[in-house]
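Q: What follows is a single structure, and I will ask about it in a moment.
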Amino acid sequence: MKRGMFALAVLALFVGSAYAQGTIKIGGIWTLADITGKQGSAAAQLAVDEINAAGGVLGKKLELIVVDDEGKADKAAAAVEKLATVDKVDVFVGGMASGAELGKIPAFKKYNKVVMATGAAGSATVEKALGPSPESDFYFHLHPWDYNQGASYAEGWNAIQQKYPNIQIKKIFLAYEEGAFGKSSWDATKVLFGGDKRYTIDGASFKSALLGGGDYTAVLEAAKAFKPDLFIWAGYDADALPLLEQSKAMKFSPGIYLGAPPGWPIDFGASKLSPNVMLYGMWSTAMNNNNPSSAKFFKNYVAKYKEEPATYFAPLAYSAVYILADGIKAAGTTETTALVKALEATKYASPLGETITFKPSNIIKHQGITRQKILQWQNGEQQVIWPFEAATAAPVYPFPAWK
Amino acid sequence: MNRTASRIFALLFGVLAVTLPFFAGDYPLQVARNIMMYMALAITWDMLLRSGQISFGIAGLFGIGAYAAILSVVRAGMPAWFSILFAAIFAGGVAFVIGFLILRLRAMYFSIVTLALGEIFRIIIHNLHDFTGGPEGVVIQKGVVFGGKANSLYWLVLAGLAVAVAASTWFEKSKIHFALTAIRNNEVSAKSSGIDIFRWLLLAFVVTSAIQGLLGGIFVQSYGFATPDAVFSADFTLLPLAMALLGGVYSTTGPIFGAVLLGLVSEWLKLKIPYGHLVVYGIIIVVVILFMPQGLRQLVRRTPHGADGRSA
Numbered sequence: 004m005k006r007g008m009f010a011l012a013v014l015a016l017f018v019g020s021a022y023a024q025g026t027i028k029i030g031g032i033w034t035l036a037d038i039t040g041k042q043g044s045a046a047a048q049l050a051v052d053e054i055n056a057a058g059g060v061l062g063k064k065l066e067l068i069v070v071d072d073e074g075k076a077d078k079a080a081a082a083v084e085k086l087a088t089v090d091k092v093d094v095f096v097g098g099m100a101s102g103a104e105l106g107k108i109p110a111f112k113k114y115n116k117v118v119m120a121t122g123a124a125g126s127a128t129v130e131k132a133l134g135p136s137p138e139s140d141f142y143f144h145l146h147p148w149d150y151n152q153g154a155s156y157a158e159g160w161n162a163i164q165q166k167y168p169n170i171q172i173k174k175i176f177l178a179y180e181e182g183a184f185g186k187s188s189w190d191a192t193k194v195l196f197g198g199d200k201r202y203t204i205d206g207a208s209f210k211s212a213l214l215g216g217g218d219y220t221a222v223l224e225a226a227k228a229f230k231p232d233l234f235i236w237a238g239y240d241a242d243a244l245p246l247l248e249q250s251k252a253m254k255f256s257p258g259i260y261l262g263a264p265p266g267w268p269i270d271f272g273a274s275k276l277s278p279n280v281m282l283y284g285m286w287s288t289a290m291n292n293n294n295p296s297s298a299k300f301f302k303n304y305v306a307k308y309k310e311e312p313a314t315y316f317a318p319l320a321y322s323a324v325y326i327l328a329d330g331i332k333a334a335g336t337t338e339t340t341a342l343v344k345a346l347e348a349t350k351y352a353s354p355l356g357e358t359i360t361f362k363p364s365n366i367i368k369h370q371g372i373t374r375q376k377i378l379q380w381q382n383g384e385q386q387v388i389w390p391f392e393a394a395t396a397a398p399v400y401p402f403p404a405w406k
Numbered sequence: 181m182n183r184t185a186s187r188i189f190a191l192l193f194g195v196l197a198v199t200l201p202f203f204a205g206d207y208p209l210q211v212a213r214n215i216m217m218y219m220a221l222a223i224t225w226d227m228l229l230r231s232g233q234i235s236f237g238i239a240g241l242f243g244i245g246a247y248a249a250i251l252s253v254v255r256a257g258m259p260a261w262f263s264i265l266f267a268a269i270f271a272g273g274v275a276f277v278i279g280f281l282i283l284r285l286r287a288m289y290f291s292i293v294t295l296a297l298g299e300i301f302r303i304i305i306h307n308l309h310d311f312t313g314g315p316e317g318v319v320i321q322k323g324v325v326f327g328g329k330a331n332s333l334y335w336l337v338l339a340g341l342a343v344a345v346a347a348s349t350w351f352e353k354s355k356i357h358f359a360l361t362a363i364r365n366n367e368v369s370a371k372s373s374g375i376d377i378f379r380w381l382l383l384a385f386v387v388t389s390a391i392q393g394l395l396g397g398i399f400v401q402s403y404g405f406a407t408p409d410a411v412f413s414a415d416f417t418l419l420p421l422a423m424a425l426l427g428g429v430y431s432t433t434g435p436i437f438g439a440v441l442l443g444l445v446s447e448w449l450k451l452k453i454p455y456g457h458l459v460v461y462g463i464i465i466v467v468v469i470l471f472m473p474q475g476l477r478q479l480v481r482r483t484p485h486g487a488d489g490r491s492a
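Structure below.
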């Protein structure tokens, strides 16, 4: 009896080991209570399922193990430790908030495994904490840094004014949430739009509804008095509808009304307040018409989860897994040095409407996407206005006066 | 639990805490660090509560300590060790000054002012952008203390916890205990017994604030950054409070029990229910506080005669 048990135990160990050898483990860390993390992790799982259905990578199945970072530095650090030492993952993917990412960085550096980061735009802290090459070479940052985003907006508005001469912008007002995200948006706006004196810039902060605020009267009064051609608010999805409601109540209708939250409320398009509101983002369902990769992602996501992706973090995370899989195929291993070299040669035609490659940014060596898009809510759907090569509609201008 | 059993339990707990890095991996050590950080904060909250004063200012003093530590390193080149001590001294000093203003207040007035102070500290840090980095925060570019070694970081947090436990025990075993308990029970009779109420309250407020600042310093040295959102997070007020209430107030052991239990449950739930664990966690806290308002310690120390085992 004892011998039989021993044999079974050895067999179980052998089978477990053989199974482990047949799997490439990806450790995914997101803030799962947030829509960006919920849909980002779901999209990453979709990519894993698709890759496995197509035969896997190097004859092995991919396995995604997701841990919630709760948006906190200490929980994020514990997530890295768990995935690295208990699950023994080969690579990492995920991320959104810069504060949580900062908690992961010391542990990422300790394990030196490849990280495909889908968030964390705060260059003043995250990029600085990563440090220059070679200490940060394991880190591939897919999402644009805050200064990348600012530069792409400046480029986009210049291009739009050239193409549509009826759109003329002289005065820009930025209403920004008082946290790190809003403040970095304000700093970037001042430098990129106000630097050459071409535009007159003003701005004021507000407390986001997400963080217990929700009264925008002061900031909207300041904006209305400034009479901007372009009004931008940088906050969170919870601010979208209350800001519009209060703008309507105050009859504040600038030439362009633009929101720049990381994600929009799921039913925002169905709101009567949504038409012609512009936004910054990376992806919209309208891109399914002219981008086969986007159409495939959208169709499979809806089929699997019975809901539409409402944030660009979903196709971003989906792309991250495909880029990792392609890199591992090319490298023939998950060993960091070889995989980093393979990933440096990445050319991935993403659902986001651009081919992703990695180039150096201000500090790190591997920066992926550097451009955001300018979009507009039209008939309940986000339409791409710029870049023109990905455009799905012409802009509706000006933002209509409130009735 | 009799006194001998308590001592044996405390000794075993202490030995386990000190030797954990010799047999646990980096993940359990990281979880233990998180738990010990909140445990130490819960103990300091309880220490002041023993005087009857309910503070909601933990996050404010933790954040002040965190910024004192990181700015002393980044702006003044102070070594990591000194920056942690400086954080404690700075937070204690701030508490000493504001203590003169707010320790005349009682009950909810004191609680609301401590809550507001935390928010004021956060707003000040936000707006001193050139010095503090503003909302984007500050990073220690040379990295975290001890090169990020899990064992050393664990012992660093354990040292912070040891300071909190030692101070709490001192409060329990010395005449401070009688003074604070008398103030909590009836200020008029305490005063008529010759107790200098303001002096004892100020001592408790300064000591607990200094330890909260010390823990803030340890936090930033462990992660290498500080942002207002991270170090002034309401979690640093609400979780210690829930832990102390769950374990049982007016003691050192209550917050320890509560922190271990809530910390482990939180981590376990996160792994078992990745989507939605926070809802379950919240429900557990509400249910326990509703049905066991005197905490778990009440169960352990309950006698056949119905005494609830609270410290006098």
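So the sequences go chain by chain: A and B.
All residue numbers for the first sequence refer to my numbering, where the first residue is 4 and numbers rise by one.
All residue numbers for the second sequence refer to my numbering, where the first residue is 181 and numbers rise by one.
All C-beta atoms, glycine included, are put in the ideal place defined by N, C-alpha and C.
Excluding the 5 residues preceding and the 5 following Tyr321 of chain A in the sequence, name in chain order all residues of the same chain whose CB lies nearer than 7 Å to its CB.
A: For the purposes of this step, residue 321 of chain A is taken as residue 318 along the first sequence, with counting starting at 1. Contacts found: Ala46, Ala47, Leu49, Ala50, Phe300, Pro354.
Q: Can you tell me the Cα-Cα spacing of Ala21 of chain A and Asp90 of chain A, whole angstroms?
A: For the purposes of this step, residue 21 of chain A is identified with residue 18 of the first sequence, where counting begins at 1. For the purposes of this step, residue 90 of chain A is identified with residue 87 of the first sequence, where counting begins at 1. In this prediction, Ala21 of chain A has a pLDDT of 40, which is less than 50 and means its spatial position is unreliable; what the coordinates show is noted afterwards. Going from the Cα of Ala21 of chain A to the Cα of Asp90 of chain A covers about 15 Å.
Q: Do you know offhand how far Arg286 of chain B's Cα is from Trp380 of chain B's?
A: Numbered from its first residue, the second sequence carries residue 286 of chain B at position 106. Numbered from its first residue, the second sequence carries residue 380 of chain B at position 200. Answer to the nearest angstrom: the Cα atoms are 14 Å apart.
Q: In chain order, what residues of the same chain have a beta carbon less than 7 Å from the beta carbon of Tyr403 of chain B, not counting five sequence neighbours either side?
A: As a working note, residue 403 of chain B is residue 223 in the second sequence. Same-chain partners within the cutoff: Val324.
Q: Between which two residues does the alpha helix (DSSP H) carrying Glu158 of chain A extend?
A: Residue mapping note: residue 158 of chain A aligns to position 155 of the first sequence, counting from 1. First-last of the alpha helix (DSSP H) with Glu158 of chain A: 149 to 166.
Q: Would you mind telling me which residues of chain B sit closer than 8 Å to Leu61 of chain A, beta carbon to beta carbon, in chain order?
A: Taking the first sequence and counting its residues from 1, one reaches residue 61 of chain A at position 58. Within 8 Å Cβ-Cβ: nothing; Leu61 of chain A doesn't reach chain B, min ~27 Å.
Q: Can you give the Cα-Cα distance for Ser296 of chain A and Ala352 of chain A, rounded to whole angstroms?
A: Taking the first sequence and counting its residues from 1, one reaches residue 296 of chain A at position 293. Taking the first sequence and counting its residues from 1, one reaches residue 352 of chain A at position 349. Going by the C-alpha atoms only, they are around 7 Å apart.
Q: I'd like the list of long-range same chain contacts for Val211 of chain B, defined as Cβ closer than 6 Å, with 5 residues on each side in sequence excluded.
A: Here residue 211 of chain B is taken as the residue at index 31 of the second sequence, counted from 1. Excluding sequence neighbours, Val211 of chain B sits near Glu447.
Q: Tell me which residue opens and which closes the alpha helix (DSSP H) that Tyr142 of chain A is part of.
A: Residue 142 of chain A sits at position 139 when you count from the first residue of the first sequence. Not the alpha helix (DSSP H): Tyr142 of chain A falls in the beta strand (DSSP E), residues 142 to 144.
Q: With 16 as the cutoff for other CB atoms within 10 Å, does Asn365 of chain A come out buried or exposed?
A: In the first sequence, counting from the first residue as 1, residue 365 of chain A sits at position 362. Exposed.
Q: Quick check on the burial criterion: 16 or more other C-beta atoms within 10 angstroms. Buried or exposed for Gln164 of chain A?
A: Counted from its first residue, the first sequence places residue 164 of chain A at position 161. The residue is exposed, with fewer than 16 neighbouring Cβ atoms inside 10 Å.
Q: Could you tell me which residues DSSP pairs with Gly313 of chain B in its beta bridges?
A: The residue labelled residue 313 of chain B in the question sits at position 133 within the second sequence. According to DSSP, which records beta bridges pairwise, Gly313 of chain B is partnered with nothing at all.
Q: Compare the C-beta of Asn214 of chain B against all C-beta atoms of chain A and say whether one is closer than 8 Å.
A: Sequence index remark: in the second sequence, residue 214 of chain B carries index 34 (1-based). True, the Cβ-Cβ gap to chain A drops below 8 Å.
Q: With three or more beta-carbon pairs closer than 8 Å as the criterion, would you say the stretch 262 to 272 of chain B touches the stretch 406 to 416 of chain B?
A: The answer is no - the stretch 406 to 416 of chain B does not touch the stretch 262 to 272 of chain B, with fewer than three Cβ pairs under 8 Å.
Q: Which chain C residues sit within Cβ distance under 7 Å of Lys193 of chain A?
A: Any reference to chain C falls outside this structure, whose protein chains are A and B.
Q: Hey, out of B:Phe471, B:His457, B:Leu476, whose CA is closest to Val440 of chain B's CA?
A: Taking the second sequence and counting its residues from 1, one reaches residue 440 of chain B at position 260. When each option's Cα is compared against that of Val440 of chain B, the closest is B:Leu476.
Q: Counting only Cβ pairs nearer than 8 Å, list the residues of chain A close to Glu495 of chain B.
A: The question about residue 495 of chain B has no answer here: the residues shown for chain B are numbered 181 through 492.
Q: Where does Val18 of chain A sit, in a helix, a strand or coil, going by DSSP?
A: Residue 18 of chain A sits at position 15 when you count from the first residue of the first sequence. Its pLDDT being 42, under 50, Val18 of chain A is placed unreliably by the model, and the measurement read from it follows with that caveat. Three-state DSSP puts Val18 of chain A in a helix.
Q: Would you list the residues sitting across from Tyr179 of chain A in a DSSP beta bridge?
A: Numbered from 1 along the first sequence, position 176 holds the residue referred to as residue 179 of chain A. According to DSSP, Tyr179 of chain A bridges with A:Ser208, A:Ala237.
Q: First and last residue of the beta strand (DSSP E) that includes Thr26 of chain A?
A: In the first sequence, residue 26 of chain A corresponds to position 23, counting from 1. Segment 26 to 33, the beta strand (DSSP E) holding Thr26 of chain A.
Q: Between which two residues does the alpha helix (DSSP H) harbouring Trp389 of chain A extend?
A: Taking the first residue of the first sequence as position 1, residue 389 of chain A is located at position 386. Run containing Trp389 of chain A: none in the alpha helix (DSSP H); it sits in the beta strand (DSSP E), 384 to 389.
Q: Assuming Phe402 of chain A and Ser277 of chain A are in contact, meaning their beta carbons sit under 8 Å apart, how far apart are those beta carbons, in whole angstroms?
A: What you label residue 402 of chain A is simply residue 399 of the first sequence in a count that begins at 1. What you label residue 277 of chain A is simply residue 274 of the first sequence in a count that begins at 1. Not quite, the Cβ-Cβ distance comes to about 12 Å (not below 8 Å), so this is no contact.
Q: Just the Cα atoms here: how many angstroms apart are Lys28 of chain A and Glu138 of chain A?
A: Here residue 28 of chain A is taken as the residue at index 25 of the first sequence, counted from 1. Here residue 138 of chain A is taken as the residue at index 135 of the first sequence, counted from 1. Looking at the two C-alpha atoms, the distance is approximately 23 Å.
Q: Relative to chain A, which residues along the stretch 387 to 412 of chain B have a C-beta separation below 7 Å, given in chain order?
A: Result list: Tyr403, Gly404, Phe405, Thr407, Asp409, Ala410.
Q: Just the C-alpha distance for Ala36 of chain A and Leu451 of chain B, rounded to the nearest angstrom, thanks.
A: Position 33 of the first sequence, counted from the first residue, corresponds to residue 36 of chain A. Position 271 of the second sequence, counted from the first residue, corresponds to residue 451 of chain B. Whole-angstrom Cα-Cα distance: 14 Å.
Q: Give me, in chain order, the residues of the same chain whose beta-carbon lies closer than 7 Å to that of Trp225 of chain B; leave out the 5 immediate sequence neighbours on both sides.
A: As a position in the second sequence, residue 225 of chain B is number 45, starting the count at 1. The residues are Ser235, Ile238, Pro420, Leu421, Ala424.
Q: Determine, for Pro315 of chain B, whether the minimum Cβ-Cβ distance to residues of chain A falls below 8 Å.
A: Here residue 315 of chain B is taken as the residue at index 135 of the second sequence, counted from 1. Yes, contact with chain A.
Q: For Ile372 of chain A and Val92 of chain A, I'd like the C-alpha separation in whole angstroms.
A: For the purposes of this step, residue 372 of chain A is taken as the residue at position 369 of the first sequence. For the purposes of this step, residue 92 of chain A is taken as the residue at position 89 of the first sequence. Going by the C-alpha atoms only, they are around 25 Å apart.
Q: Taking the alpha carbon of Ala212 of chain A as the point to measure from, which residue in A:Ile108, A:Ala397, A:Asp242, A:Val194 has its own alpha carbon closest?
A: Here the question's residue 212 of chain A lines up with position 209 in the first sequence. Closest option to Ala212 of chain A, Cα to Cα, is A:Asp242.
Q: Please name the residue or residues paired with Thr417 of chain B in a DSSP beta bridge.
A: Start at 1 with the first residue of the second sequence, and residue 417 of chain B comes out as number 237. BP columns for Thr417 of chain B are empty, so no partner.
Q: Give me the chain A residues within the contact set of Lys450 of chain B, using Cβ-Cβ distance strictly less than 8 Å, ordered along the chain.
A: Mapped onto the second sequence, residue 450 of chain B falls at position 270. Neighbours of Lys450 of chain B on chain A, chain order: Val70, Asp71, Glu73, Lys78.
Q: With Glu347 of chain A as the anchor, note down where its alpha helix (DSSP H) starts and where it stops.
A: Residue mapping note: residue 347 of chain A aligns to position 344 of the first sequence, counting from 1. Here the alpha helix (DSSP H) through Glu347 of chain A covers 339 to 347.
Q: Tell me where the beta strand (DSSP E) around Met119 of chain A begins and ends.
A: Residue mapping note: residue 119 of chain A aligns to position 116 of the first sequence, counting from 1. Per DSSP, Met119 of chain A belongs to the beta strand (DSSP E) from 118 to 120.
Q: What first and last residue would you give for the alpha helix (DSSP H) that runs through Asp329 of chain A?
A: For the purposes of this step, residue 329 of chain A is taken as residue 326 along the first sequence, with counting starting at 1. Looking at the DSSP string, the run of the alpha helix (DSSP H) that includes Asp329 of chain A is 316 to 334.
Q: Going by CA-CA distance only, name the one from B:Leu196, B:Ile250, B:His309, B:Ser373 that's closest to Ala183 of chain A.
A: As a working note, residue 183 of chain A is residue 180 in the first sequence. The shortest C-alpha separation from Ala183 of chain A is found at B:His309.
Q: I'd like to know whether the C-beta atoms of Gly393 of chain B and Gly245 of chain B end up nearer to each other than 8 Å.
A: In the second sequence, residue 393 of chain B corresponds to position 213, counting from 1. In the second sequence, residue 245 of chain B corresponds to position 65, counting from 1. In this structure, Gly245 of chain B lies closer than 8 Å to Gly393 of chain B by Cβ.
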